[in-house]
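J.: Mind having a look at this structure? Questions to follow.
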Amino acid sequence: MSETRNDWTREEIAALFDLPFTELVFRAAEVHRAHHAANAVQLSTLLSIKTGGCPEDCGYCNQSTHAETGLKATKLMDVRAVLQAAAQAKDSGSSRFCMGAAWRNPKDRDMPAIVEMVKGVRGMGMETCMTLGMLTEKQAGMLADAGLDYYNHNIDTAPERYGEVISTRTFEDRLETLEHVREAGINVCCGGIVGMGETRADRVGFLHALATLPRHPESVPVNALVPVKGTVLGDMLADTPLAKIDEIEFVRTVAVARITMPESMVRLSAGRESMSDSTQALCFLAGANSIFTGEKLLTTGNAGDDKDAALFARLGIMPMAAACKAELEAAE
Ligand code: SAM
Ligand code: DTB
Ligand code: SF4
1 MSETRNDWTR
11 EEIAALFDLP
21 FTELVFRAAE
31 VHRAHHAANA
41 VQLSTLLSIK
51 TGGCPEDCGY
61 CNQSTHAETG
71 LKATKLMDVR
81 AVLQAAAQAK
91 DSGSSRFCMG
101 AAWRNPKDRD
111 MPAIVEMVKG
121 VRGMGMETCM
131 TLGMLTEKQA
141 GMLADAGLDY
151 YNHNIDTAPE
161 RYGEVISTRT
171 FEDRLETLEH
181 VREAGINVCC
191 GGIVGMGETR
201 ADRVGFLHAL
211 ATLPRHPESV
221 PVNALVPVKG
231 TVLGDMLADT
241 PLAKIDEIEF
251 VRTVAVARIT
261 MPESMVRLSA
271 GRESMSDSTQ
281 ALCFLAGANS
291 IFTGEKLLTT
301 GNAGDDKDAA
311 LFARLGIMPM
321 AAACKAELEA
331 AE
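Numbering-wise, the UniProt record's numbering puts 85 at position 85 of the sequence shown, and it's gapless, one number per residue.
This is the structure we're talking about:
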């Protein structure tokens, strides 16, 4: 079985990207099968609990006040409405509920409601995930005490490219929050975005930063940029369509994530709506084993449950909870 390593070099990662495509996907599939059930995919559902009006200037994001997208900013949702949405997600077969807020960081006055949301969703028997921006040590501790299972905080791109995408915080700020989350004992969900006009060397740098963390994130979301008009990167992509990531290169990125972080769940995240079934199938073969379900991500569209059910049926894939149940029943 391939061992889990944290000492990957950029040269090794670049060499994986350079492999002939079928060789790379074959190796990734081998690693996938050695560490995970080959045909089980975990389902997570997103809810934007506080939309828009974010002071950060992330060049990809339509929720930033620096973007001109006309998105209406909202206040933090009330706990009851969040729990209703979680119940719906559970009914649709989702096992993890991820709540996202367009904040640079949560304010201490927001924490009691956030804690109630975590407790309530957990009480329904779903895994909980939050993504609220930067956290202090104390806030991470409060979330851990509430029983939060995962915290999503992406590094988004290679360290050397970070400043080109976001200027209101640094790569080191990101690492600091990730440390607080780890120290509090919460599972880490950390990945990034491709298709932002980056080079392959940038993608190597991005995966290198993740694969050399002291512990690999338990979940690694690989997002393909959803270009939104009025954001810096959405507009750039409209002007230079060639910057859009080629689907084969996207599959390569998933495969390299799988090989370098064998035990992590690799999530095929934003951008699935505009991806063909065949490309998604290649991603599952290359080791992706988690997706976001439902009609909406945070603010933009997603493939939707009917389309996903049809895709899973075509591919013989089972949602992870159902796959575990089937395995247990077969063993009885
Ligand atoms: N404000 C918090 C933060 O930035 O950590 C949490 C929410 S933020 C929307 C979560 C992640 O969504 C970002 O780190 C980024 O990776 C992803 N994201 C945002 N806009 C996106 C887009 N247009 N396309 C793809 N991914 C996007
Ligand atoms: C992640 O890596 N992708 C999700 C989740 N973590 C929070 C968010 C994708 C957002 C896509 C743009 C939107 O819908 O607003
Ligand atoms: Fe704010 Fe998060 Fe969007 Fe950046 S990605 S602008 S921090 S909501």
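Idealized CB from N, CA, C, for every residue including glycine.
Only counting the same chain, and skipping five residues up and downstream in sequence, which positions put a Cβ closer than 8 Å to that of Asp-149?
T.: Arg-96, Arg-122, Glu-127, Thr-128, Cys-129, Ile-186, Asn-187
J.: Using a Cβ-based criterion (distance less than 7 Å to any ligand heavy atom), does Ser-269 qualify as near the ligand DTB?
T.: yes
J.: Out of curiosity, what's the CA-to-CA distance linking Thr-293 and Val-31?
T.: Going from the Cα of Thr-293 to the Cα of Val-31 covers about 25 Å.
J.: With H, G and I counted as helix, E and B as strand and the rest as coil, what does DSSP make of Pro-221?
T.: strand
J.: Does the distance from the CB of Leu-47 to the CB of Ala-85 come in under 8 Å?
T.: yes
J.: Would the beta-carbon of Ile-317 fall within 8 Å of that of Val-41?
T.: yes
J.: CB Ile-193 to CB Tyr-60, shorter than 8 Å?
T.: yes
J.: Please return the same chain residues whose Cβ sits closer than 7 Å to the Cβ of Leu-298, not counting the five positions on each side in sequence.
T.: Answer for Leu-298: Leu-46, Ser-48, Gly-100, listed in chain order.
J.: Rounded to whole angstroms, what's the CA-CA distance from Val-125 to Leu-237? Just pull it up for me.
T.: Checking the sequence shown, residue 125 turns out to be Gly, not Val. Spanning the two alpha carbons is a distance of roughly 41 Å.
J.: Closer than 7 Å: is that where the CB of Cys-58 sits relative to any heavy atom of the ligand SF4?
T.: yes
J.: From Glu-3 to Met-142, what distance separates their C-alpha atoms?
T.: 34 Å
J.: Pairs of beta-carbons, one from the segment 263-272 and one from the segment 214-230, closer than 8 Å: are there three or more?
T.: Yes, since at least three Cβ pairs between the segment 263-272 and the segment 214-230 fall closer than 8 Å, the two stretches touch.
J.: Tell me whether Thr-279 sits in a helix, a strand or coil according to DSSP, three-state version.
T.: helix
J.: Relative to the alpha-carbon of Lys-296, which residue among Pro-319, Cys-98, Val-256 has its alpha-carbon at the smallest distance?
T.: Cys-98
J.: For Gly-205, name the three-state secondary structure that DSSP assigns.
T.: helix
J.: Compare the beta carbon distance of Ala-224 and Gly-301 with 8 Å and say whether it is the shorter of the two.
T.: no
J.: In the DSSP assignment, what are the bridge partners of Glu-127?
T.: Arg-96
J.: Less than 8 Å between the CB atoms is what I'm expecting for Val-181 and Tyr-151, so what's the real figure, rounded?
T.: 4 Å
J.: Take Ala-113 and list the residues in its own chain whose beta-carbon comes closer than 7 Å to its own, dropping the five residues that flank it on each side.
T.: Leu-76, Val-79
J.: State the DSSP-derived secondary structure class of Ala-101, mapped to helix, strand or coil.
T.: Ala-101 sits in a strand when the DSSP states are folded into three classes.
J.: Tell me the rounded alpha-carbon separation between Thr-157 and Leu-210.
T.: The straight-line gap from Cα to Cα measures roughly 10 Å.
J.: Please go through the same chain and pick out, in chain order, the residues whose beta-carbon is closer than 6 Å to the beta-carbon of Thr-136, but skip the five residues on each side of it.
T.: If the five residues before and after Thr-136 are omitted, its C-beta is found closer than 6 Å to no C-beta atom of its own chain.
J.: List the endpoints of the continuous alpha helix (DSSP H) containing Ile-186.
T.: Premise fails: Ile-186 is in no alpha helix (DSSP H) and is neither H nor E.
J.: Can you find a heavy atom of the ligand DTB that lies under 7 Å from the Cβ of Gly-191?
T.: yes
J.: Compute the distance between the beta-carbons of Ala-257 and Leu-207, then report whether it is under 8 Å.
T.: Contact: yes.
J.: Does DSSP classify Val-79 as helix, strand or coil?
T.: helix
J.: Name the DSSP beta bridge partners of Tyr-150, please?
T.: Cys-129, Asn-187
J.: Is it the case that the Cβ atoms of Thr-253 and Val-222 are separated by a distance below 8 Å?
T.: yes
J.: Beta carbon of Leu-143: closer than 7 Å to some heavy atom of the ligand DTB?
T.: no
J.: Nearest-angstrom Cα distance between Thr-199 and Val-232?
T.: 18 Å
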